[in-house]
Structure formats: structure tokens, C-alpha cells
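Protein chains: 2
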Amino acid sequence: MTADQNKLAAALLPQFVSIIGADHVLNDPADVWPYGYDNSRKHTQPEIVTLPSSHAQVRDIVQLCFEDNLPLVPRGRGTGTTGASVPVKRGVVLSFERMTQFIKIDVNNRVAVVEPGITNQAVQDKIGEAGFFWPPDPTSAAFSTIGGNLACNSAGPRAIKYGTPRENVLGLRAITGKGEEIRTGVYTTKGVVGYDLTRLILGSEGTLAVITEATLKMTPLPQSKRTLQAVYKNIGSAAEAVSSIMAQPVIPYTLEFIDGQAIEMIRKHSSADLPVNAGALLIIEVDGQEACLEDAAQAICDAATNTGLLELKTATTQVEIAALWSTRKALSPALRNVAPNKINEDVVVPVSNIPALIEGLEKLSRKHDIKIVNFGHAGNGNIHTNLLIDSTDPEQVTRSQLCLDDVFSLVLNLNGTLSGEHGVGMEKRNYIDREIDPVTLNLMKEIKTLFDPHNILNPDKMFPDSL
Amino acid sequence: MTADQNKLAAALLPQFVSIIGADHVLNDPADVWPYGYDNSRKHTQPEIVTLPSSHAQVRDIVQLCFEDNLPLVPRGRGTGTTGASVPVKRGVVLSFERMTQFIKIDVNNRVAVVEPGITNQAVQDKIGEAGFFWPPDPTSAAFSTIGGNLACNSAGPRAIKYGTPRENVLGLRAITGKGEEIRTGVYTTKGVVGYDLTRLILGSEGTLAVITEATLKMTPLPQSKRTLQAVYKNIGSAAEAVSSIMAQPVIPYTLEFIDGQAIEMIRKHSSADLPVNAGALLIIEVDGQEACLEDAAQAICDAATNTGLLELKTATTQVEIAALWSTRKALSPALRNVAPNKINEDVVVPVSNIPALIEGLEKLSRKHDIKIVNFGHAGNGNIHTNLLIDSTDPEQVTRSQLCLDDVFSLVLNLNGTLSGEHGVGMEKRNYIDREIDPVTLNLMKEIKTLFDPHNILNPDKMFPDSL
Numbered sequence: 001m002t003a004d005q006n007k008l009a010a011a012l013l014p015q016f017v018s019i020i021g022a023d024h025v026l027n028d029p030a031d032v033w034p035y036g037y038d039n040s041r042k043h044t045q046p047e048i049v050t051l052p053s054s055h056a057q058v059r060d061i062v063q064l065c066f067e068d069n070l071p072l073v074p075r076g077r078g079t080g081t082t083g084a085s086v087p088v089k090r091g092v093v094l095s096f097e098r099m100t101q102f103i104k105i106d107v108n109n110r111v112a113v114v115e116p117g118i119t120n121q122a123v124q125d126k127i128g129e130a131g132f133f134w135p136p137d138p139t140s141a142a143f144s145t146i147g148g149n150l151a152c153n154s155a156g157p158r159a160i161k162y163g164t165p166r167e168n169v170l171g172l173r174a175i176t177g178k179g180e181e182i183r184t185g186v187y188t189t190k191g192v193v194g195y196d197l198t199r200l201i202l203g204s205e206g207t208l209a210v211i212t213e214a215t216l217k218m219t220p221l222p223q224s225k226r227t228l229q230a231v232y233k234n235i236g237s238a239a240e241a242v243s244s245i246m247a248q249p250v251i252p253y254t255l256e257f258i259d260g261q262a263i264e265m266i267r268k269h270s271s272a273d274l275p276v277n278a279g280a281l282l283i284i285e286v287d288g289q290e291a292c293l294e295d296a297a298q299a300i301c302d303a304a305t306n307t308g309l310l311e312l313k314t315a316t317t318q319v320e321i322a323a324l325w326s327t328r329k330a331l332s333p334a335l336r337n338v339a340p341n342k343i344n345e346d347v348v349v350p351v352s353n354i355p356a357l358i359e360g361l362e363k364l365s366r367k368h369d370i371k372i373v374n375f376g377h378a379g380n381g382n383i384h385t386n387l388l389i390d391s392t393d394p395e396q397v398t399r400s401q402l403c404l405d406d407v408f409s410l411v412l413n414l415n416g417t418l419s420g421e422h423g424v425g426m427e428k429r430n431y432i433d434r435e436i437d438p439v440t441l442n443l444m445k446e447i448k449t450l451f452d453p454h455n456i457l458n459p460d461k462m463f464p465d466s467l
Numbered sequence: 001m002t003a004d005q006n007k008l009a010a011a012l013l014p015q016f017v018s019i020i021g022a023d024h025v026l027n028d029p030a031d032v033w034p035y036g037y038d039n040s041r042k043h044t045q046p047e048i049v050t051l052p053s054s055h056a057q058v059r060d061i062v063q064l065c066f067e068d069n070l071p072l073v074p075r076g077r078g079t080g081t082t083g084a085s086v087p088v089k090r091g092v093v094l095s096f097e098r099m100t101q102f103i104k105i106d107v108n109n110r111v112a113v114v115e116p117g118i119t120n121q122a123v124q125d126k127i128g129e130a131g132f133f134w135p136p137d138p139t140s141a142a143f144s145t146i147g148g149n150l151a152c153n154s155a156g157p158r159a160i161k162y163g164t165p166r167e168n169v170l171g172l173r174a175i176t177g178k179g180e181e182i183r184t185g186v187y188t189t190k191g192v193v194g195y196d197l198t199r200l201i202l203g204s205e206g207t208l209a210v211i212t213e214a215t216l217k218m219t220p221l222p223q224s225k226r227t228l229q230a231v232y233k234n235i236g237s238a239a240e241a242v243s244s245i246m247a248q249p250v251i252p253y254t255l256e257f258i259d260g261q262a263i264e265m266i267r268k269h270s271s272a273d274l275p276v277n278a279g280a281l282l283i284i285e286v287d288g289q290e291a292c293l294e295d296a297a298q299a300i301c302d303a304a305t306n307t308g309l310l311e312l313k314t315a316t317t318q319v320e321i322a323a324l325w326s327t328r329k330a331l332s333p334a335l336r337n338v339a340p341n342k343i344n345e346d347v348v349v350p351v352s353n354i355p356a357l358i359e360g361l362e363k364l365s366r367k368h369d370i371k372i373v374n375f376g377h378a379g380n381g382n383i384h385t386n387l388l389i390d391s392t393d394p395e396q397v398t399r400s401q402l403c404l405d406d407v408f409s410l411v412l413n414l415n416g417t418l419s420g421e422h423g424v425g426m427e428k429r430n431y432i433d434r435e436i437d438p439v440t441l442n443l444m445k446e447i448k449t450l451f452d453p454h455n456i457l458n459p460d461k462m463f464p465d466s467l
């Protein structure tokens with residue numbers, strides 16, 4: 001945004017106030033400051049923050065920005081890790097913190113209609129009372145909003161069995177970059193009338209339209225769950241177990257993976273009790289009817305057993321489950337201890353390529369002299385690759401950039417994708433053309449222009465500088 | 001297509017021959033005739049039929065049509081019911097009958113990469129050998145192609161548990177209306193880099209791009225299945241049972257519904273043994289591990305039991321299962337006996353609105369003096385509504401059109417959609433704007449123009465005349 005545009009934004013303050021009232025517009029630098037960052041730790045201070053409380057107000061705000069070419073960044077709670085909600089061109093932030101209503105919970109049709117500012121956890125709590133859950137479960141669920149989850153197509157461990165937002169949203173109400181209302185999708189679990197704009201908008205990171213209402217597909221809570229922990233000599237045997245588990249009919253609802261480096265860190269920074277020669281670890285959970293969980297757990301145990309298996313524990317009580325998860329939960333604090341500014345990527349490779357990925361990452365770790373710790377959602381091949389660096393050391397930062405470049409090449413060579421759930425935002429926009437060919441990328445950019453001809457919605461995101 | 005364009009198509013014959021060879025181009029009227037119809041029983045004879053055998057040939061054909069503005073209709077096996085593959089402007093048909101290769105079956109990653117001309121059944125047979133299935137199962141599965149299934153987002157009974165193509169396709173290779181190759185999606189079960197063009201193309205009925213390769217997500221075959229038949233006094237109690245079944249955690253993999261009119265027909269035209277006062281019937285199937293099927297069937301029985309239940313049978317042997325399905329299978333021949341040219345719509349309403357839908361249809365049946373028979377995929381609220389008319393009687397045809405109009409109003413008033421799996425094609429193009437608002441529909445049309453600026457791909461389909 002040019003200085004002139006920011007001046008214009010300031011000049012338009014009365015108009016924003018007339019749309020949503022003075023209490024719902026912020027422009028004091030101290031007030032707008034917190035709306036300039038996200039969990040990428042990048043920050044740009046917006047000129048104006050708007051806090052609408054209705055669909056109509058959102059529409060009017062977008063219309064005003066469209067007419068005056070003001071950059072507009074929709075915002076949930078800023079838990080994203082790619083800078084997708086940082087207002088890099090300053091301008092206007094549209095925060096959904098006052099749009100947190102349940103519009104409808106329709107138990108008979110397994111549908112919840114919600115405003116985008118509500119947190120994922122609030123939805124789980126509310127629909128949980130009726131015996132349902134909404135499958136997407138990013139780690140940030142307690143804080144992140146449904147709108148943010150949808151904008152980024154955020155998933156989490158349960159995606160392996162229950163899918164991502166794309167498999168769990170029926171329809172949207174949204175405002176395009178022209179300030180026009182659209183309704184996409186249906187209220188039913190089937191519908192083939194017209195093009196699927198719902199999924200086009202899901203994962204588009206606020207660059208196509210501003211979601212004002214979402215029709216979510218609810219899933220009945222399973223009767224029961226069982227948690228298993230399998231420890232392996234090495235990554236190869238753990239990966240072999242992942243493939244075996246994924247080739248039999250009992251689909252776990254989580255299948256989490258922790259590599260040898262991560263186990264070493266856990267051992268150093270927590271009291272978790274793990275075999276000395278542990279080279280990799282899987283945490284596997286199955287859910288379903290109580291009557292068949294024993295059998296389901298047995299099927300998983302059979303598939304998880306190979307010559308590299310060192311230890312296999314099944315938890316049945318809450319205390320035992322907590323004990324198994326304590327290992328996984330020890331990981332984040334341990335990593336934060338060592339490298340507060342670690343680089344956390346969320347690459348994906350086909351499940352059978354996990355061993356090649358980890359082997360490749362070990363080589364890159366040695367080549368660039370950077371410690372790399374891997375864990376993640378193995379059932380989807382979605383590995384969180386953590387480069388532990390001291391970001392105050394410019395030389396380490398430079399090395400980490402070269403290393404990251406190599407990591408992405410490795411992932412693409414293994415038929416993978418650069419992001420499974422974090423998205424592109426600012427962080428990966430200049431890498432996207434390594435994954436997507438020019439014709440396809442150009443078509444995406446043309447779609448962007450169609451929805452948002454003045455390029456006001458979350459500008460300078462997703463697409464490379466060159467486009 | 002104008003007469004000039006058809007002359008041009010004829011004049012370009014040598015160029016098509018040079019792309020794919022004389023054996024792969026048809027232009028004799030007797031040869032091209034069968035490529036002019038689909039199961040809508042509509043027919044327009046194309047000028048030229050091309051039978052490419054590779055992605056590159058498809059690209060060259062589309063490029064030639066793009067350069068010369070020739071209408072091009074991609075075609076599977078013509079099993080669609082909406083006229084979506086009828087070449088209404090004549091021009092060129094691109095039949096995928098010679099593109100039937102399995103490019104890859106990757107058991108470790110649960111992925112099958114196939115050419116679009118392969119039939120659904122051939123995929124099921126082939127991946128079945130490895131212990132997998134592909135969930136979409138339209139009734140036409142034995143004949144219809146994967147390309148056709150994807151173009152129409154065709155589903156079937158199993159969608160209730162396993163979803164439609166949108167939930168079971170990872171990526172596509174395709175040629176846009178400009179003759180340019182694009183690759184969409186990923187090879188993994190997660191991926192959030194760029195916009196979701198895969199789902200945009202699925203269900204677009206060949207109007208955006210021609211699919212040349214599809215990456216399908218395979219699902220492991222369940223260990224075991226159980227089939228139940230529940231007979232009810234009336235539609236209200238059957239619908240109540242559907243809601244109860246859908247509100248508990250055991251999700252059946254089929255939940256089929258047959259109304260009183262349909263039962264009456266079955267009784268007249270088959271030897272099926274049904275209680276005299278049967279007013280509605282459900283066929284319900286559960287699958288999973290053998291160890292828990294007893295329990296799963298019990299959960300379904302509990303949910304299916306209400307004061308209107310007349311009879312509940314569970315089949316365990318193949319013979320018993322066949323006996324239960326004989327009722328459902330008696331329906332199609334019975335309907336064909338009565339009305340060979342019946343109108344078969346596939347409307348969808350929220351599950352809880354099924355009773356209101358059936359009640360409304362009964363009223364419309366009386367109002368327009370047309371017998372209406374309903375059956376379908378109750379778990380998705382997807383009801384096949386059959387208007388039994390004698391299409392040789394112009395007066396009945398007129399009445400049926402008025403009735404259809406009222407049916408669509410009823411469905412939309414019940415928060416439903418005009419089609420759950422058949423699509424729009426020619427049949428519903430002039431109704432689409434009753435479901436989709438002008439702004440959203442216009443955006444879809446602009447997307448069409450972006451992908452296909454010369455409007456060569458399946459022209460005069462999906463969008464109303466007025467657009």
C-alpha cells in the first residue's frame with residue numbers, strides 16, 4: 001500500500017464508523033498494533049481495524065474498500081504460521097472477533113451453521129453436547145477460528161480418518177473482492193448443481209472472498225477410543241509399520257510419528273520412559289464402537305509389528321492414555337527450549353516415501369549443519385520438519401534458507417507437496433511455482449482477479465512476486 | 001454450431017487424421033450416430049468423432065478446436081441422464097473409449113492413477129484384487145467411465161459413508177478449453193498449496209477442461225457386511241428412522257428408501273413378500289470388522305425401531321442378502337413396465353425434510369394427476385423422484401413439465417438442491433438460476449470463460465440460455 005492509500009484509509013475513517021459504529025473501528029496505533037502479526041512472528045501495522053458484527057457490515061466494509069482500492073485482510077485470531085493474516089500493505093484489517101454466533105445447530109441433519117469468528121474449540125464444545133464433533137482439529141483449536149480454519153483448510157491429526165475442512169464443509173456465504181455476496185454449496189451432503197465454489201474458497205487464504213457464514217458437516221462422536229504407542233529401532237521400521245497400517249481396513253483416527261532426533265530431545269527434556277535404542281515412535285489411536293475396539297486395536301498391533309519393533313503399549317484408562325501422550329506433548333516445550341525461533345515446515349510426501357524423506361533430511365542436516373527434528377501426521381505423510389536455528393545469528397539464518405530450499409526440492413522429488421495444513425501465505429509464496437506449473441498457477445491468478453479485480457483481498461499473499 | 005462451423009469441422013478432417021491417424025477419426029454418418037445420444041434419450045449427430053489414445057493427442061485435438069472455434073464434447077459411455085454428453089451444437093465428439101489404461105496402482109499409498117475411459121467396474125475389479133475399492137458407485141458402474149463419473153461427480157448409495165468423487169480424488173491432469181495442460185491437486189491425502197482446482201473441475205460436466213488422467217484415492221475393502229430391511233406403516237415413521245440412524249455413531253454404508261407407491265408397484269410386478277400395510281421400506285447396510293458387525297447391526301436396529309415399524313429382517317448369508325435386495329431390484333423393471341419414458345429426477349433435501357418432501361410430492365401428484373414413485377439414497381436425502389408419464393401423449397408431457405416445475409419449487413423451499421448426482425446438463429440448465437443466485441451464477445460463468453474463452457467445451461450446457 002502506498003502512503004497515499006494509507007492516507008486515504010485514514011480519511012475514510014468516518015465512513016467505516018458510519019458502517020459499524022465508532023466502537024467497532026480502531027485506528028489508534030496502540031490499538032491496531034496487535035492486529036498486525038500472526039504466529040509467523042512477522043508484523044505490519046494496519047491503518048484501520050474493523051470489527052463488524054454482521055454479514056451486512058462485512059459486505060459494506062468490503063464494498064468501501066473495493067471502491068477505494070484499500071487493501072483488506074480478513075483475520076481470525078492470528079494463529080497461522082505463514083503470515084497469511086499479516087497486513088503487509090497495511091490498509092484495513094477485518095477481524096471476526098465479534099462474529100461468534102451459532103446460527104443453527106441442526107442435529108437431525110448433522111449440520112451446524114456458524115459465524116466465522118467462533119473458535120474451533122467452542123464449536124467442538126457446543127456440538128459435543130449434542131453428541132457430535134467437527135473433524136478438523138488443528139493444534140491451535142483452542143484459539144483458532146472456524147473462519148481461519150476454512151481459509152487455510154487447516155487440519156490436524158484426525159484428518160487421516162475424517163478429512164480436512166474440504167471434506168467437512170457443505171456450503172459458505174461470502175463476500176467477493178467486489179463487495180458482492182455469494183452463496184456456495186448446499187445444505188445437504190450431496191449436490192451437483194453448478195461449479196464447486198465452496199472448495200475453491202476453502203484454502204484460498206482470504207484472497208478470493210471473505211467468508212461470513214459456514215455450513216459445517218457434523219460427525220457423531222465415536223463411542224470409544226483406544227491409544228497405542230509403538231517404539232521402533234529405526235525410522236525404516238516405523239515407516240514400514242505406517243504403510244502396513246494404512247493397507248488394512250481399520251483406519252486409525254490418528255497416526256502420529258516422532259523421529260529419533262525428537263525422541264532424543266524428549267528424553268533430555270522430560271521424564272518420558274522410552275527404550276534406550278528407540279529410533280522412532282508411533283502414537284496410534286482407533287475409535288469406534290466399544291464392542292470392536294479390542295479387535296481394531298489388535299488389527300493395528302498386527303500391522304504395526306515388524307522386526308524393528310521394540311515396544312508396543314496399549315492404553316485403556318485415561319491415566320494410561322495421558323502417559324502415552326506425555327511423550328508427544330513433551331516435544332513442543334523441548335523444541336522451544338532448544339530453539340525458540342525454529343523453522344517449522346509441514347511438508348507432505350506419499351506415505352511410502354517417508355523413509356526416503358527422513359533419510360534425505362538427515363543428509364541435509366549434515367550438509368547444512370542444522371539440527372532437524374521431525375514429527376507429524378504419518379498417516380497422511382504430513383511431516384512437521386523443524387529446523388532448529390538461532391535466528392539471532394545471521395549466518396545460521398542464511399544456512400537455514402539454503403537448507404529449506406533443499407528440503408523443498410527433496411519433497412517435490414518425492415512426489416510430495418510443500419504444505420499439508422499451514423498453507424502458503426507470505427512464507428511459501430516464492431516457492432509455490434516450484435510445485436505448480438506456470439499454466440496452472442496463471443489460471444489460479446486469473447481466478448483471483450475474477451473474484452477480486454482490484455486486488456484488495458489479502459494482497460501479496462499466495463502468489464509469487466513475479467505474478 | 002452454425003452450418004459454416006460444421007463445414008469447417010468437415011474441412012478439418014485431415015488435420016484430425018494427422019493428429020491421431022485415420023483409424024481414430026470417424027465421420028461417416030452411420031459411424032458417428034451412436035456418439036450423439038446419452039441416457040437422456042436426446043440425440044444430436046456430431047460431425048466428427050475423435051478417439052484419441054493419449055494425453056498428447058487429446059491436447060492436440062483441443063488445441064485444433066480452440067484455434068478454429070469448433071464445439072467439442074468429451075464423452076465417456078453416454079450413461080448420463082441429463083444430456084450432458086449430447087453434442088447439441090454438433091461439431092466434434094472426443095470419446096475416451098481408447099484411453100483405458102491403469103497408469104499406476106500404488107497399494108502402499110492407496111492411490112490409483114487411471115485414464116478417464118476406463119469403466120468404474122474395471123477399476124473396482126482391478127483394485128479389488130489388492131484389497132481396495134473406490135467408493136463412488138453409480139448404478140451405471142458396469143458401463144460408465146471414471147472420466148464421466150468425475151465430470152458429473154457421480155455418486156451412488158455408498159456416498160452416505162464414503163463420499164462422492166470430490167472426497168475420493170486427489171488430483172487431475174487436464175486440458176483447458178485453450179488446449180493448455182494443467183495439473184491440479186496432489187498425490188497425497190493432504191495438500192494446501194494453491195487453489196483447489198481439482199474440485200472445481202469435478203462436477204463441471206466437461207465445460208471447463210477435459211480430464212486426461214485422474215489420481216484416485218483407494219479405500220481398503222471392509223472385512224464384512226450386514227444387510228437389514230425395515231418395513232414401516234408409513235413414510236413418516238420411515239423418515240423418523242432415517243433421522244435416528246443418522247444421529248448415532250454407526251454410519252451405514254447404504255441407507256436406501258422406497259416409498260409406498262413404489263412398494264405397491266413392486267408388489268404388483270414381482271413376487272417380493274412384503275407386509276400388506278407396508279407404507280415405506282428401508283434397506284440398510286453396515287460394514288466393518290466382523291467382530292463388531294453384530295453390535296453395529298444392533299445399533300442400527302435400535303435406531304430403526306419406532307412405533308411405525310412393521311417388520312425388521314437382518315440378512316447374514318448371501319442368499320438372505322439377495323432376498324432382501326430382490327425387493328429393491330424389482331423396482332426398476334416394474335417402473336419400466338408401467339412407464340418406459342418416465343421422468344427420473346434426483347432431488348436432495350435435508351434428511352429431516354424427507355417426510356415433507358414426500359407429502360408435498362403426494363399433493364403434486366394429485367394436483368397434476370401424475371403418478372409419482374420415490375426411492376433413493378435416504379441417508380443423503382437424495383430421492384429419485386419418478387414421474388410416470390406416457391411421453392407419446394403431448395398433454396401428459398405438458399402436465400409433467402408443470403409438475404416438475406412445482407417439484408423443484410418444493411425442493412428449494414425445503415432447503416434442498418435440484419440434483420444430487422445426475423447433474424445439470426441440458427435437462428436442468430434452465431432451472432439452475434432458481435437454485436443459484438445471479439451473482440454466484442455469473443461468477444461461475446466467468447470461470448467458464450476463463451478456462452474456455454472460445455466456449456468450445458460442451459457448449460449450451462449447465463448455464464441457462466440467458467447467460
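Chains as they are written, first to last, in the numbering used here: chain A, 1 to 467; chain B, 1 to 467.
Glycine is no exception: its CB is placed at the ideal position from the N, C-alpha and C atoms.
Bear in mind the structure is a predicted one, so any value in this text is a computation, not a measurement.
Contact between the segment 442-457 of chain A and the segment 191-208 of chain A is defined here as three or more beta-carbon pairs at a separation below 8 angstroms; is this criterion met?
With a cut-off of 8 angstroms, the segment 191-208 of chain A and the segment 442-457 of chain A count as touching, because enough Cβ pairs lie within range.
Taking 6 angstroms as the limit between beta carbons, can you name the residues of its chain near residue 112/A, skipping five residues before and five after?
If we look at residue 112/A and ignore the five residues flanking it on each side, its Cβ neighbours are 105, 127, 216, 218.
Cα-Cα separation between residue 367/B and residue 211/A, rounded to whole angstroms:
42 angstroms
How is residue 35/A classed by DSSP in three states: helix, strand or coil?
helix
Residue 269/A vs residue 330/A beta-carbon contact at 8 angstroms
yes
In chain A, what lies closer than 7 angstroms to residue 107/B by C-beta?
247
At which residues does the beta strand (DSSP E) containing residue 377/A begin and terminate?
371-377
State yes or no: is the beta carbon of residue 1/A nearer than 8 angstroms to at least one beta carbon in chain B?
Since pLDDT at residue 1/A reaches only 47, below the 50 mark, its modelled position is unreliable, and the value read off the structure follows with that caveat. No, its Cβ sits nowhere closer than 8 angstroms to a Cβ of chain B.
Evaluate contact between the segment 312-322 of chain B and the segment 249-259 of chain B, counting only Cβ atoms and requiring at least three cross-stretch pairs below 8 angstroms.
Under the Cβ criterion (8 angstroms, minimum of three pairs), the segment 312-322 of chain B does not count as touching the segment 249-259 of chain B.
Contact set between residue 316/A and chain B, taken where Cβ atoms lie within less than 7 angstroms
Those within 7 angstroms of residue 316/A in chain B number zero; the least Cβ separation is about 17 angstroms.
Helix, strand or coil at residue 214/B [DSSP, three-state]
strand
What residues of chain B sit near residue 187/A, judged by a beta carbon separation below 7 angstroms?
350, 415
Could you tell me if residue 276/A is buried or exposed, where buried requires 16 or more neighbouring beta carbons within 10 angstroms of its beta carbon?
exposed
Cβ shell of residue 1/B (< 6 angstroms), same chain only, five flanking positions each side left out:
Confidence at residue 1/B is low in this model, with a pLDDT of 47, below 50, so the placement of that residue should be treated as unreliable; the coordinate-derived value is given next. These residues qualify, in order along the chain: 71, 89, 90, 91.
Could you tell me if residue 402/A is buried or exposed, where buried requires 16 or more neighbouring beta carbons within 10 angstroms of its beta carbon?
exposed
Based on Cα-Cα distance, which residue from 69/B, 75/B, 95/B, 263/B lies nearest to residue 177/B?
69/B
Inspect the CB distances between the segment 173-193 of chain A and the segment 232-242 of chain A and report whether three or more fall short of 8 angstroms.
no
I want to see whether chain B comes within less than 8 angstroms of residue 163/A, judged by CB atoms only; does it?
yes
Partners in chain B for residue 304/A, counting only beta-carbon separations shorter than 7 angstroms
Result: empty, since nearest Cβ-Cβ is about 15 angstroms, beyond 7 angstroms.
Min CB distance residue 135/A to chain B below 8 angstroms
no
How far does the beta strand (DSSP E) with residue 102/B in it extend, from its first residue to its last?
102-106
Alpha-carbon spacing of residue 323/A relative to residue 271/A, whole angstroms:
11 angstroms
Endpoints, the alpha helix (DSSP H) within which residue 358/B is located
Residues 354-368.
Return no unless some Cβ of chain B is closer than 8 angstroms to the Cβ of residue 192/A.
yes
Residue 124/B beta carbon less than 8 angstroms from that of residue 224/B:
no
For chain B, is any of its Cβ atoms less than 8 angstroms away from the one on residue 220/A?
yes
Applying the criterion that 16 or more other CB atoms from any shown protein chain within 10 Å of the CB defines a buried residue, is residue 38/A buried or exposed?
With 16 or more Cβ atoms within 10 Å of its Cβ, residue 38/A is classed as buried.
Mind listing, in chain order, the continuous alpha helix (DSSP H) runs of no fewer than 4 residues lying wholly within the segment 240-316 of chain B?
The DSSP assignment places complete alpha helix (DSSP H) segments of no fewer than 4 residues inside the segment 240-316 of chain B at 260-269, 290-304, in order along the chain.
Any alpha helix (DSSP H) of 4 or more consecutive residues that is wholly inside the segment 127-151 of chain B:
146-151
Is it right to say residue 297/A is buried, meaning 16 or more other beta carbons lie within 10 angstroms of its own, or is it exposed?
buried
So which residues of chain A does residue 435/B contact, with C-beta pairs closer than 7 angstroms?
Within chain A, the residues near residue 435/B are 193.
Cβ of residue 40/B less than 8 angstroms from any chain A Cβ?
no
Is it true that the segment 412-424 of chain B meets the segment 341-348 of chain B, where meeting means three or more beta-carbon pairs spaced less than 8 angstroms apart?
yes
Near residue 66/A, which residues of its chain fall below 7 angstroms by C-beta distance, leaving aside the five closest residues on each side in sequence?
177, 178, 179, 454, 456
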